[in-house]
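K.L.:
Chain order of the listed sequences is A and B.
Sequential numbering from 1 applies to the first sequence in the working numbering.
Sequential numbering from 1001 applies to the second sequence in the working numbering.
Note that CB positions come from ideal geometry on N, CA and C, so glycine has one too.
Note that the structure is a prediction, hence the values are computed from the model and not measured.
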Amino acid sequence: MAAIMAKEGHKVTILDLDSYSFRRLPANFEGSAIVGDGTDEDSLRRAGIEEADVFVVVTQGDNRNVMAAQIAKHIFNVPRVLCRIYDPIREELYHSLGLETISPTKVGAQMFRELIEGSGV
Amino acid sequence: MYIIVIGCGKVGYYLCKALLNEGHEVLAIERDSQKVERVAEELGSVIMRGDGCEASTLDDAGTGRADMLIAVTNEDEDNLVSCQVAKHKFNVPRTIARLNNPKNETIFKKLGIDVTVSSTNLILDHIEVELPSHPLVHLLALKAYGLEIVEVKIPPDSPVVGRLLREITLPPDSILTLVVSQEQEPRVPTGDTVLNANDEVIAVTKPEFEGALGKALTGKEPLEINA
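#1: Taking only the alpha-carbon atoms, compute the straight-line gap between Gln60 of chain A and Glu92 of chain A and give it to the nearest angstrom.
#2: By Cβ distance below 6 Å, which residues in the same chain neighbour Pro1102 of chain B in space, the five residues on each side in sequence not counted?
#3: Could you name the residues of the stretch 1080 to 1107 of chain B whose beta carbon sits closer than 9 Å to any beta carbon of chain A, in the order they occur along the chain?
#4: Report the option in B:Glu1041, B:Asn1091, B:Ala1212, B:Val1085 whose CA atom is closest to the CA atom of Ile1006 of chain B.
#5: Quick one: what does DSSP say Cys1053 of chain B is sitting in, helix, strand or coil?
#6: Taking the alpha-carbon of Asp40 of chain A as reference, which of A:Arg24, A:Ala69, A:Tyr20, A:Ser32 has the nearest alpha-carbon?
#7: Taking only beta-carbon positions, decide if Ile71 of chain A is within less than 8 Å of chain B.
#8: List, in order along the chain, the chain B residues whose C-beta lies closer than 9 Å to that of Val74 of chain A?
#9: What residues from the stretch 1038 to 1061 of chain B come within 8 Å of chain A, judged by C-beta to C-beta, listed N to C?
#10: Is the CB of Arg64 of chain A under 8 Å away from at least one CB in chain B?
#11: Take the Cβ of Thr1063 of chain B as the centre, count every other Cβ of all protein chains shown within 10 Å, and call the residue buried at 16 or more, exposed below.
#12: Whole angstroms are fine: how far does the CA of Leu1165 of chain B sit from the CA of Glu1200 of chain B?
#13: Mind checking whether Val1039 of chain B and Ile1029 of chain B have CB atoms under 8 Å apart?
#14: With a threshold of 7 Å (Cβ to nearest heavy atom), would Asp37 of chain A be considered close to the ligand SAM?
#15: Is it buried or exposed for Val1092 of chain B, if we count other Cβ within 10 angstroms and need 16 for buried?
#16: List the residues of chain B that Thr39 of chain A touches, going by C-beta distances under 7 Å, in chain order.
#17: In chain order, what residues of the same chain have a beta carbon less than 7 Å from the beta carbon of Ile1225 of chain B, not counting five sequence neighbours either side?
#18: Interface residues of chain B around Ile49 of chain A at Cβ under 7 Å?
#19: Where does Thr1120 of chain B fall in DSSP's three states?
#20: If you follow the beta strand (DSSP E) that Ile1107 of chain B is part of, which residue opens it and which one closes it?
#21: In whole angstroms, give me the CA-to-CA distance for Ser1174 of chain B and Val1160 of chain B.
#22: What residue from B:Gly1052, B:Thr1169, B:Ile1149 has the CA that sits closest to Gly1219 of chain B's CA?
#23: In three-state DSSP terms, what is Glu1185 of chain B?
#24: Can you tell me whether Arg113 of chain A is buried or exposed? The criterion is at least 16 other CB atoms within 10 Å of its CB, across all chains shown.
#25: Between the C-alpha atoms of Asp42 of chain A and Tyr94 of chain A, what's the straight-line distance to the nearest angstrom?
#26: Quick one: any contact between the stretch 78 to 86 of chain A and the stretch 101 to 113 of chain A, if contact means 3 or more CB pairs under 8 Å?
#27: Between Ile1149 of chain B and Leu1111 of chain B, what straight-line distance do the alpha-carbon atoms span, to the nearest angstrom?
#28: Whole angstroms are fine: how far does the CA of Ile1003 of chain B sit from the CA of Phe1090 of chain B?
#29: Could you give the distance in angstroms between the alpha-carbon of Glu1185 of chain B and the alpha-carbon of Leu1178 of chain B?
#30: Contact check, Ala1197 of chain B vs Ile1154 of chain B under 8 Å by CB: the rounded distance?
#31: Under DSSP, the beta strand (DSSP E) around Ser32 of chain A begins and ends at which residues?
#32: Counting only beta-carbon separations shorter than 8 Å, does Leu93 of chain A have a partner in chain B?
#33: Determine the contact status of Val78 of chain A and Ile49 of chain A, defining contact as a CB-CB distance below 8 Å.
#34: Give me the Cβ distance between Leu1080 of chain B and Phe1108 of chain B, rounded to the nearest whole Å; I'm assuming they're in contact under 8 Å.
#35: How would you label Ile14 of chain A, buried or exposed, when you count the other beta carbons within 10 angstroms and need 16 or more for buried?
#36: So, does the CB of Leu25 of chain A fall closer than 8 Å to a CB anywhere in chain B?
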């Protein structure tokens, strides 16, 4: 996602606890990659969150994502905050609390269902 | 009261024990089955296995009728989510979260957690009292008013020694309430009070002016023990 957005000309900064994950970035990636904790205010500030128009949080942990998203939204007032939450029930709750959330579990299940029903089974 | 405790490690276990002793109805929720077995053996059927961040688990636990939920796991984000799910989905009137990282205190407050307890800060505060050289000691936080009560020992080389209180400029929202010393009776300071070396001053201040107050009374830059 960072690669796509950077290619489209957006200024992208990646924050990750582990620099090893940066190996996946394409060689011509023009954004920046910073090692830091996305639920830590100082790390977020270092990554330039105060100037960000969009904040996307997609770590493997639902709770970590929820916390980082709320910090971005309520402490730093980032205009748009998007957050991945695997657990559909938790996703619903935080959606109703005003976060822009995506549950890949829910979306995936939906896509499978459409495939199955579309194929006439 | 019906109290749900999320996380039954050391803190959770002793918390459950204390709450049970006080006669409360307690249910602990713990992810690790070994811990669940151990606690069940010792305290009886006051623990269930499950993820305290999951609405379905909390539903099974009867969170809807809980008076309080206390989340004391090692992970701040898990404690945050447990409290938020309890509050927003089950309308639990009071939620308390343990903080492992003291930095998260303001964030949790802002996100609607009623009470936060920072184990790291508590330990620091207690150690601070025992440090003879430490000029400023936290005695009590009046959280509801954003104030705190601190004790400052006036070192012999402080610029305020021998001066009238009214000549000393204190930071805003800081009041000296009591002066205690070895030689004299405890006294409530007025503008005519003279501060002596080794006097101990009890003061009310705001956390943000604590460093400035310490500097005004001791002449030394504050130690950054809580940073």
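P.N.:
Let's see:
#1: As a position in the first sequence, residue 60 of chain A is number 60, starting the count at 1. As a position in the first sequence, residue 92 of chain A is number 92, starting the count at 1. So the two alpha carbons sit approximately 18 Å from each other.
#2: Translated into the one-based positions of the second sequence, residue 1102 of chain B becomes position 102. So the list reads Ser1118, Thr1120, Asn1121, once near-sequence residues are dropped.
#3: Across the stretch 1080 to 1107 of chain B, CB contacts with chain A closer than 9 Å involve Leu1080, Val1081, Ser1082, Gln1084, Val1085, His1088, Lys1089, Asn1101, Lys1103, Asn1104, Thr1106, Ile1107, in sequence order along the chain.
#4: Your numbering for residue 1006 of chain B matches position 6 in the second sequence. When only C-alpha atoms are compared, the closest one is B:Val1085.
#5: Here residue 1053 of chain B refers to the residue found at position 53 of the second sequence. Cys1053 of chain B carries a coil assignment under DSSP once its states are collapsed to helix, strand and coil.
#6: Against the first sequence, residue 40 of chain A aligns to sequence position 40. Nearest of A:Arg24, A:Ala69, A:Tyr20, A:Ser32 to Asp40 of chain A, Cα basis: A:Ala69.
#7: Taking the first residue of the first sequence as position 1, residue 71 of chain A is located at position 71. Yes, contact with chain B.
#8: For this step, residue 74 of chain A is matched to residue 74 along the first sequence. For clarity, residue 74 of chain A is His in the given sequence; the question names Val instead. Ordered by position in chain B, the residues that pass the 9 Å Cβ test against His74 of chain A are Ile1107, Lys1110, Leu1111.
#9: Listed by position along the chain: Cys1053, Glu1054, Ala1055, Ser1056.
#10: Within the first sequence, the letter at position 64 stands for residue 64 of chain A. Residue contact with chain B for Arg64 of chain A: present (Cβ-Cβ distance below 8 Å to some residue of chain B).
#11: Numbered from its first residue, the second sequence carries residue 1063 of chain B at position 63. Sixteen is the threshold: when 16 or more other Cβ atoms of the shown chains lie within 10 Å of the Cβ of Thr1063 of chain B, as they do, the residue is buried.
#12: As a position in the second sequence, residue 1200 of chain B is number 200, starting the count at 1. As a position in the second sequence, residue 1165 of chain B is number 165, starting the count at 1. Whole-angstrom Cα-Cα distance: 14 Å.
#13: For the purposes of this step, residue 1039 of chain B is taken as residue 39 along the second sequence, with counting starting at 1. For the purposes of this step, residue 1029 of chain B is taken as residue 29 along the second sequence, with counting starting at 1. Cβ atoms of Val1039 of chain B and Ile1029 of chain B: not closer than 8 Å.
#14: In the structure on display, the ligand SAM does not appear, and there are no ligands present to speak of.
#15: Position 92 of the second sequence, counting from 1, holds the residue named residue 1092 of chain B. Buried, by the Cβ-count rule.
#16: Here the question's residue 39 of chain A lines up with position 39 in the first sequence. Result: Glu1077.
#17: Within the second sequence, residue 1225 of chain B is the residue found at index 225, counting from 1. Only weak support exists for where Ile1225 of chain B lies, its pLDDT of 49 falling under 50; the value from the coordinates is given anyway. Within the same chain, Ile1225 of chain B has close Cβ partners Leu1124, Glu1128.
#18: Along the first sequence, read from residue 1 onward, the residue named residue 49 of chain A stands at position 49. Within chain B, no residue comes near Ile49 of chain A; the closest Cβ sits about 13 Å away, beyond 7 Å.
#19: To locate residue 1120 of chain B, count along the second sequence from 1; it is residue 120. Per DSSP, reduced to three states, the secondary structure at Thr1120 of chain B is helical.
#20: On the second sequence, residue 1107 of chain B is found 107 positions in, with the first residue counted as 1. Boundaries around Ile1107 of chain B are those of the alpha helix (DSSP H), 1105 to 1110, since no beta strand (DSSP E) includes it.
#21: By 1-based counting over the second sequence, the position of residue 1174 of chain B is 174. By 1-based counting over the second sequence, the position of residue 1160 of chain B is 160. Near 16 Å, if we compare the C-alpha coordinates of Val1160 of chain B and Ser1174 of chain B.
#22: Counting from 1 along the second sequence, the entry for residue 1219 of chain B is found at position 219. Ranking the options by Cα distance to Gly1219 of chain B, first place goes to B:Thr1169.
#23: Within the second sequence, the letter at position 185 stands for residue 1185 of chain B. Coil at Glu1185 of chain B, not helix or strand.
#24: Mapped onto the first sequence, residue 113 of chain A falls at position 113. Around the C-beta of Arg113 of chain A, fewer than 16 other C-beta atoms lie within 10 Å, and the residue is accordingly described as exposed.
#25: Residue 42 of chain A sits at position 42 when you count from the first residue of the first sequence. Residue 94 of chain A sits at position 94 when you count from the first residue of the first sequence. The C-alpha of Asp42 of chain A lies about 24 Å from the C-alpha of Tyr94 of chain A.
#26: Yes, the stretch 78 to 86 of chain A is in contact with the stretch 101 to 113 of chain A.
#27: What you label residue 1149 of chain B is simply residue 149 of the second sequence in a count that begins at 1. What you label residue 1111 of chain B is simply residue 111 of the second sequence in a count that begins at 1. Their backbone Cα atoms lie some 26 Å apart in a straight line.
#28: In the second sequence, the residue the question calls residue 1090 of chain B occupies position 90. In the second sequence, the residue the question calls residue 1003 of chain B occupies position 3. Approximately 13 Å, taken between the alpha carbons.
#29: For the purposes of this step, residue 1185 of chain B is taken as the residue at position 185 of the second sequence. For the purposes of this step, residue 1178 of chain B is taken as the residue at position 178 of the second sequence. Between Glu1185 of chain B and Leu1178 of chain B, the alpha-carbon positions lie close to 11 Å from each other.
#30: Translated into the one-based positions of the second sequence, residue 1197 of chain B becomes position 197. Translated into the one-based positions of the second sequence, residue 1154 of chain B becomes position 154. About 6 Å; that satisfies the 8 Å criterion.
#31: By one-based count along the first sequence, residue 32 of chain A stands at place 32. 32 to 35 is the extent of the beta strand (DSSP E) around Ser32 of chain A.
#32: Looking up residue 93 of chain A in the first sequence gives position 93. Output row for Leu93 of chain A: interface = yes.
#33: Within the first sequence, numbered from 1, the residue matching residue 78 of chain A stands at position 78. Within the first sequence, numbered from 1, the residue matching residue 49 of chain A stands at position 49. Cβ distance < 8 Å, so Val78 of chain A and Ile49 of chain A count as in contact.
#34: Here residue 1080 of chain B is taken as the residue at index 80 of the second sequence, counted from 1. Here residue 1108 of chain B is taken as the residue at index 108 of the second sequence, counted from 1. Contact flag correct, Cβ pair sits at about 6 Å.
#35: In the first sequence, residue 14 of chain A corresponds to position 14, counting from 1. Under this definition Ile14 of chain A is a buried residue.
#36: Along the first sequence, read from residue 1 onward, the residue named residue 25 of chain A stands at position 25. So no, Leu25 of chain A is outside the interface.
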